[in-house]
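Quick notes on the structure that follows.
There are 2 protein chains.
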Amino acid sequence: MGRIKETSTNFENKKILADECSEVYAANIIGGQWSLVICSWLTNGKMRFGELKKAIPNITERMLTMQLRKLEEYNILTRTVYAEVPPKVVYELTEIGYELKPIIRQMEKWGERHKNLKIE
Amino acid sequence: MGRIKETSTNFENKKILADECSEVYAANIIGGQWSLVICSWLTNGKMRFGELKKAIPNITERMLTMQLRKLEEYNILTRTVYAEVPPKVVYELTEIGYELKPIIRQMEKWGERHKNLKIE
DNA sequence: TACGGTACTATAAAAAAGGTAAGTAATGGG
DNA sequence: CCCATTACTTACCTTTTTTATAGTACCGTA
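Respectively, the protein sequence lines represent chains A and B.
Counting from 1, position 95 in the first sequence corresponds to residue 95 in UniProt numbering; the numbering is continuous, with no gaps.
Counting from 1, position 48 in the second sequence corresponds to residue 48 in UniProt numbering; the numbering is continuous, with no gaps.
Next up, the structure:
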């Protein structure tokens, strides 16, 4: 997840597609290995960096930071820094971020149904 | 989208996460640059390979084939080959595939709302 | 016999995403 | 002065995804 190369075909394609299909636009924002889990946890209320880290299995600090920054950039969550030592940073979903809740829940249910299909 | 390396940390992480969070499991299936658009088109009914190609801007045949194969593998859609020349192959969502429709519509709406936020 | 249309496949290379490991700053406690 | 704690950052490397380009089989038509 470095900075995206704005001259690449990939960048162009993503833009065109996101432009025409809002569901792809949405996917570009909440897609990525860890974004959905982060949002899912935050739908229950604010959390600190360290709490998220403990909550999410195997995520590295680097990945967590990167995803949080991306989500912040897209206005999905807010980042509040408390001027304390050791530092304390709290993340909370914005209004539009909370509006992801029903989508996440639906994906969860769909995922469950799909998993069960396989077993049968 | 070649075959995935089952010894990588990335593979492990995806598996663990998908196991615990069904929304991530779902995202692993319908995530990917083109999957959502393909499914979105197919929610209106069956389509041929060439129709999909024309409908989706800039997709290469390789990408279309790969995504369709993946979706078929996951039982999201069916592939019907007609023994004709020139060949004719028709793709159609399965039952569980059609169940994605509300999710896609919700993502679409959310995407619209989010887009408008930025402009204001 | 060359050509066109359909739905692919193969190979290579570029780009993006993700992972590892180490380091930073500030400060209160021992 | 050293250590622990928290929330990062940096540099580098591997894996995965996406793109580019070319080629295949089939057969009816010209």
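All C-beta atoms in this analysis are idealised placements derived from N, C-alpha and C, irrespective of residue type, glycine included.
- Bounding residues of the beta strand (DSSP E) (the contiguous stretch that carries Val90 (chain A)): Residue mapping note: residue 90 (chain A) aligns to position 90 of the first sequence, counting from 1. Residues 88 to 93.
- For Arg3 (chain A), the three-state DSSP class (helix, strand or coil): For the purposes of this step, residue 3 (chain A) is taken as the residue at position 3 of the first sequence. In this structure, Arg3 (chain A) counts as coil in the three-state DSSP scheme.
- Message: Taking the straight line between their C-alpha atoms, what separation do you get for Lys14 (chain B) and Gln33 (chain A)?
- Response: Stepping through the second sequence from its first residue, residue 14 (chain B) is reached at position 14. Stepping through the first sequence from its first residue, residue 33 (chain A) is reached at position 33. In this structure, the alpha-carbon of Lys14 (chain B) lies about 7 Å from that of Gln33 (chain A).
- When you compare only the Cα positions, how much space is there between Arg48 (chain A) and Thr65 (chain A)? Translated into the one-based positions of the first sequence, residue 48 (chain A) becomes position 48. Translated into the one-based positions of the first sequence, residue 65 (chain A) becomes position 65. Whole-angstrom Cα-Cα distance: 12 Å.
- Could you say which of A:Ile96, A:Trp110, A:Pro102 lies nearest to Ile96 (chain B) if we only look at CA atoms? The residue you call residue 96 (chain B) lines up with position 96 of the second sequence. When each option's Cα is compared against that of Ile96 (chain B), the closest is A:Trp110.
- Item | Per-residue burial, Ser35 (chain B) [other beta carbons within 10 Å of its own, 16 or more giving buried] | Within the second sequence, numbered from 1, the residue matching residue 35 (chain B) stands at position 35. Buried, because 16 or more other Cβ atoms sit within 10 Å of the Cβ of Ser35 (chain B).
- Query: Would you say Arg79 (chain A) and Glu72 (chain A) are within 8 Å of each other, going by their C-beta atoms?
  - Reply: Taking the first sequence and counting its residues from 1, one reaches residue 79 (chain A) at position 79. Taking the first sequence and counting its residues from 1, one reaches residue 72 (chain A) at position 72. In contact: Arg79 (chain A) and Glu72 (chain A) (Cβ atoms closer than 8 Å).
- Message: Looking only at its chain, what residues have a beta carbon closer than 8 Å to the beta carbon of Tyr82 (chain B), apart from the 5 residues adjacent to it on each side?
- Response: Locating residue 82 (chain B) in the second sequence gives position 82, counting from the first residue. Only Lys88, Val89, Val90 meet the Cβ criterion.
- Task: Would you please verify whether the beta carbon of Lys54 (chain B) is less than 8 Å from any beta carbon of chain A?
- Result: Taking the first residue of the second sequence as 1, we reach residue 54 (chain B) at position 54. Output row for Lys54 (chain B): interface = no.
- Task: Quick one: using the 10 Å Cβ neighbour count with 16 as the cut-off for buried, is Glu51 (chain B) buried or exposed?
- Result: Locating residue 51 (chain B) in the second sequence gives position 51, counting from the first residue. The residue is exposed, with fewer than 16 neighbouring Cβ atoms inside 10 Å.
- Task: Please decide whether Ile104 (chain B) counts as near chain A, where near means a Cβ-Cβ distance under 8 Å.
- Result: Along the second sequence, read from residue 1 onward, the residue named residue 104 (chain B) stands at position 104. Closer than 8 Å to some Cβ of chain A, the Cβ of Ile104 (chain B) qualifies, so yes.
- Along the alpha helix (DSSP H) that carries Tyr25 (chain A), what are the first and last residues, could you check? The residue labelled residue 25 (chain A) in the question sits at position 25 within the first sequence. In this chain, the alpha helix (DSSP H) harbouring Tyr25 (chain A) covers 22 to 30.
- Rounded to whole angstroms, what's the CA-CA distance from Ile16 (chain A) to Pro57 (chain B)? Just pull it up for me. By one-based count along the first sequence, residue 16 (chain A) stands at place 16. By one-based count along the second sequence, residue 57 (chain B) stands at place 57. Using only the alpha carbons, I get a separation of about 8 Å.
- Query: Using the beta-carbon of each residue, which ones in chain A are nearer than 8 Å to Met107 (chain B)?
  - Reply: Here residue 107 (chain B) refers to the residue found at position 107 when the second sequence is read from its first residue. Under the 8 Å cutoff, chain A gives Ser22, Glu23, Ala26, Ala27, Ile103.
- Item | Between the CA atoms of Lys46 (chain B) and Asn75 (chain B) - distance to the nearest angstrom | For this step, residue 75 (chain B) is matched to residue 75 along the second sequence. For this step, residue 46 (chain B) is matched to residue 46 along the second sequence. Using only the alpha carbons, I get a separation of about 15 Å.
- Message: For Thr43 (chain A), which residues in the same chain have their Cβ closer than 8 Å to its Cβ, ignoring the five residues on either side in sequence?
- Response: Translated into positions along the first sequence, residue 43 (chain A) becomes position 43. Spatial neighbours of Thr43 (chain A) in its own chain (CB-CB distance under 8 Å, excluding positions within 5 residues in sequence) are listed in chain order as Leu93, Tyr98, Leu100, Lys101, Ile104.
- Message: Tell me the DSSP secondary structure of Tyr98 (chain A) in three-state form.
- Response: In the first sequence, counting from the first residue as 1, residue 98 (chain A) sits at position 98. Tyr98 (chain A) sits in a helix when the DSSP states are folded into three classes.
- Message: Would Ser40 (chain B) pass as an interface residue toward chain A - the criterion being a Cβ-Cβ separation below 8 Å?
- Response: For the purposes of this step, residue 40 (chain B) is taken as residue 40 along the second sequence, with counting starting at 1. Closer than 8 Å to some Cβ of chain A, the Cβ of Ser40 (chain B) qualifies, so yes.
- Can you grab the Cα-Cα spacing for the pair residue 124 (chain B) / Glu12 (chain A), in whole Å? Past the edges of chain B, shown from 1 to 120, lies residue 124 (chain B), and the structure says nothing about it.
- Buried/exposed call for Val37 (chain A), threshold 16 Cβ in 10 Å: For the purposes of this step, residue 37 (chain A) is taken as the residue at position 37 of the first sequence. By the Cβ-count criterion, Val37 (chain A) is buried, with 16 or more other Cβ atoms from all chains shown falling within 10 Å of its own Cβ.
- For Arg48 (chain B), which residues in chain A fall below 7 Å Cβ to Cβ? Within the second sequence, the letter at position 48 stands for residue 48 (chain B). What Arg48 (chain B) touches in chain A: nothing, since even the nearest Cβ is about 20 Å away.
- Message: Let me see if you follow: with CB-CB separation under 8 Å, is Leu17 (chain B) close to chain A or not?
- Response: Residue mapping note: residue 17 (chain B) aligns to position 17 of the second sequence, counting from 1. With respect to chain A, the C-beta atom of Leu17 (chain B) has a partner C-beta closer than 8 Å.
- Message: Closest to Ile4 (chain A) by C-alpha separation, out of A:His114, A:Glu23, A:Cys21, A:Asn28, would be which residue?
- Response: Residue numbering aside, residue 4 (chain A) sits at position 4 when the first sequence is read from its first letter. Among A:His114, A:Glu23, A:Cys21, A:Asn28, the Cα nearest to that of Ile4 (chain A) belongs to A:Asn28.
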